[in-house]
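Novice: Pasting a structure here, questions to come.
In the UniProt record's numbering, the protein residues as written are 1 to 533.
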């Protein structure tokens, strides 16, 4: 057993009590190589999430992190209500418009996974700064394309913007897991989703009016560019706060810090930059099997919502004869209920638990909403509000579960990155496919598209009970627990040395999900270039 002094040196700062912290000020590590404790094993330097950060630091961090992706979300959400405008001005078909809306997803089929692993090793904030640069640059290129009605330039701008937007989302998720793990994590993630919904509502309501400013639709692209630039200033403010104000022991732990601790303990050798980068990128092989099962079977669920949302205004125009302006206003209602319900659901998860049943409830509501909007003539407000309620229940259970099923803070960026990459692949495949299906449908109606979306969400109705059962078998029903009960459960497992089956690595699962991911990347890129040309 390692001595208390040795453990004070080897453990990450947030695992130490106050007495031990006094022996190891901040994160400065000094170890006499001749006095290593040979009984120390690799597990002794496995990082745990910070749970004792003072509230004042958490509040300031939240007030900055919350706005990281506002500009990118605003730019993305103006696209859907302007579908008819783009089709008319750029003289393109539905499949080509789908290529515009999926262009930013194309690079995100690989970038989030790479970005997530790199951020796990080097930290989030510098990645966020680089992502902001690409977001502003890409949105500016796309806006400039409006001057010449250049479809290819617009595609290029959206691709460049995609280089940054998804990395910002991963950075947000990783920072939330650091600042709020063990307390109000689900509530904070829910608050982020609610604010994103506010942004989407504003973007959709204002998209058509912006496109009419000065009689030129280009303002609907330039104004989001200005918002992206403003969000970059907020990211810089957070960087100053984290590096100049927050004590080192409360800052996010990185894989690089853990590597230095292991070097000091004699558990690793310094093999050079290339070797360390390879180790960082191969973090994906360390992901636990329950997470991989969840990510691998979550096929097209998020994408079905994306297709529905992107085409909602056009669906109303074709099925109910509404104008683009009215359809845009109605489409903005899709996120209204989210603003209220999601934060309440986050509080419920933190205080009560039971995450997976809400997956099935939300999916069932979506099935009903899809059928009403696409296959009937009822007032569009009813299915739109239903879908808003379904969205409220459908998103949070997954996102809020990742820090639970991937408890290692030096893996959480990789986990969010892989999930985001899979979603991007799904988005490209499904959006382009649905655009082609609509073009092949007599009268270019949405009937066949709606049937496909209903089938996808019907599968998700079954996911809730399936994953609740797997949760019981592999995680001891951790996803049913409140945050307080879960922390106590984790402490008991740590004290007894018990490792839950779902948190272990299982090679066949890793290989299957890896093959699935590679094949989906190839398919998405092929489909994109076939239908965008």
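Each residue gets a CB set at the ideal place from its N, CA and C atoms; glycine is no exception. These figures come from a predicted structure and were not determined experimentally.
Per the contact definition of three or more C-beta pairs closer than 8 Å, is the segment 234-244 in contact with the segment 146-155?
Specialist: No: fewer than three Cβ pairs fall under 8 Å.
Novice: Given a threshold of 16 other Cβ atoms within 10 Å of its Cβ, counted over all protein chains shown, does residue 121 qualify as buried or as exposed?
Specialist: Residue 121 is buried by the Cβ-count criterion.
Novice: Kindly list the residues whose CB is nearer than 8 Å to the CB of residue 159, restricted to its own chain and excluding five residues on each side of it in sequence; keep chain order.
Specialist: Cβ neighbours of residue 159 beyond the five flanking positions: 103, 104, 106, 107, 138.
Novice: Alpha carbon to alpha carbon, how far is residue 119 from residue 349?
Specialist: Cα to Cα, the separation comes out at about 27 Å.
Novice: Rounded to whole angstroms, what's the CA-CA distance from residue 178 to residue 357? Just pull it up for me.
Specialist: Distance between the alpha carbons of residue 178 and residue 357: 26 Å.
Novice: Under three-state DSSP, which class holds residue 287?
Specialist: It is coil, neither helix nor strand.
Novice: Under the assumption that residue 411 contacts residue 517 (Cβ atoms under 8 Å), give the Cβ distance between them as a whole number of angstroms.
Specialist: Not really, about 17 Å apart at Cβ, beyond 8 Å.
Novice: Check whether the segment 374-382 and the segment 425-432 touch, using three or more Cβ-Cβ pairs below 8 Å as the test.
Specialist: They do not touch, by the three-pair rule.
Novice: If you reduce the DSSP assignment to three classes, tell me which class residue 353 lands in.
Specialist: Here residue 353 sits in coil by DSSP.
Novice: For the putative contact between residue 78 and residue 231, defined by C-beta atoms under 8 Å, what is the C-beta separation to the nearest angstrom?
Specialist: Not quite, the Cβ-Cβ distance comes to about 15 Å (not below 8 Å), so this is no contact.
Novice: Can you give me the C-alpha to C-alpha distance between residue 292 and residue 530, rounded to a whole angstrom?
Specialist: So the alpha carbons of these two residues sit roughly 30 Å apart.
Novice: Could you check what DSSP says for residue 44 in three-state terms: helix, strand or coil?
Specialist: Here residue 44 scores only 39 on pLDDT, less than 50, and its place in the model should not be relied on; the value that follows carries that caveat. It is helical.
Novice: Can you list, in chain order, the residues of its chain with a C-beta nearer than 7 Å to that of residue 448? Leave out the 5 residues immediately preceding and following it.
Specialist: Once the five neighbours on either side are set aside, the close Cβ partners of residue 448 are 437, 441.
Novice: Taking all protein chains shown into account, decide if residue 515 is buried (16 or more other Cβ within 10 angstroms of its Cβ) or exposed.
Specialist: Exposed, by the Cβ-count rule.
Novice: Does residue 124 come out as helix, strand or coil in the three-state DSSP assignment?
Specialist: Residue state, collapsed to three classes: coil.
Novice: Near residue 213, which residues of its chain fall below 6 Å by C-beta distance, leaving aside the five closest residues on each side in sequence?
Specialist: Closer than 6 Å at the Cβ level, and outside the excluded window around residue 213, lie 219.
Novice: Relative to the alpha-carbon of residue 52, which residue among 249, 472, 352, 454 has its alpha-carbon at the smallest distance?
Specialist: Cα-wise, what sits closest to residue 52 is 249.
Novice: Identify, in the order they occur along the chain, each residue of the same chain with its Cβ nearer than 6 Å to the Cβ of residue 184, setting aside the five sequence neighbours on each side.
Specialist: For residue 184, where only same-chain residues beyond five positions count, the Cβ hits under 6 Å are 350.
Novice: Could you check what DSSP says for residue 156 in three-state terms: helix, strand or coil?
Specialist: DSSP places residue 156 in helix when its eight states are reduced to three.
Novice: So for residue 406, helix, strand or coil by DSSP?
Specialist: DSSP places residue 406 in coil when its eight states are reduced to three.
Novice: Is residue 322 helix, strand or coil when you go by DSSP?
Specialist: Reduced to three states, the DSSP call for residue 322 is coil.
Novice: In the DSSP assignment, the alpha helix (DSSP H) including residue 383 goes from what residue to what residue?
Specialist: Where residue 383 is concerned, the enclosing alpha helix (DSSP H) stretches over 381-394.
Novice: If you check the beta carbons only, do residue 297 and residue 404 fall under 7 Å apart?
Specialist: Not a contact, by the Cβ cut-off of 7 Å.
Novice: Who are the Cβ neighbours of residue 186 in its own chain at under 6 Å, not counting the five residues just before and after it?
Specialist: Hits under 6 Å: 346, 349, 350, 400.
Novice: Rounded to the nearest angstrom, how far is the Cβ of residue 521 from that of residue 110, given a contact under 8 Å?
Specialist: Indeed, because the Cβ distance is near 6 Å, the residues count as touching under 8 Å.
Novice: Closest to residue 195 by C-alpha separation, out of 225, 342, 163, 145, would be which residue?
Specialist: Selected option, being the one with the closest Cα: 342.
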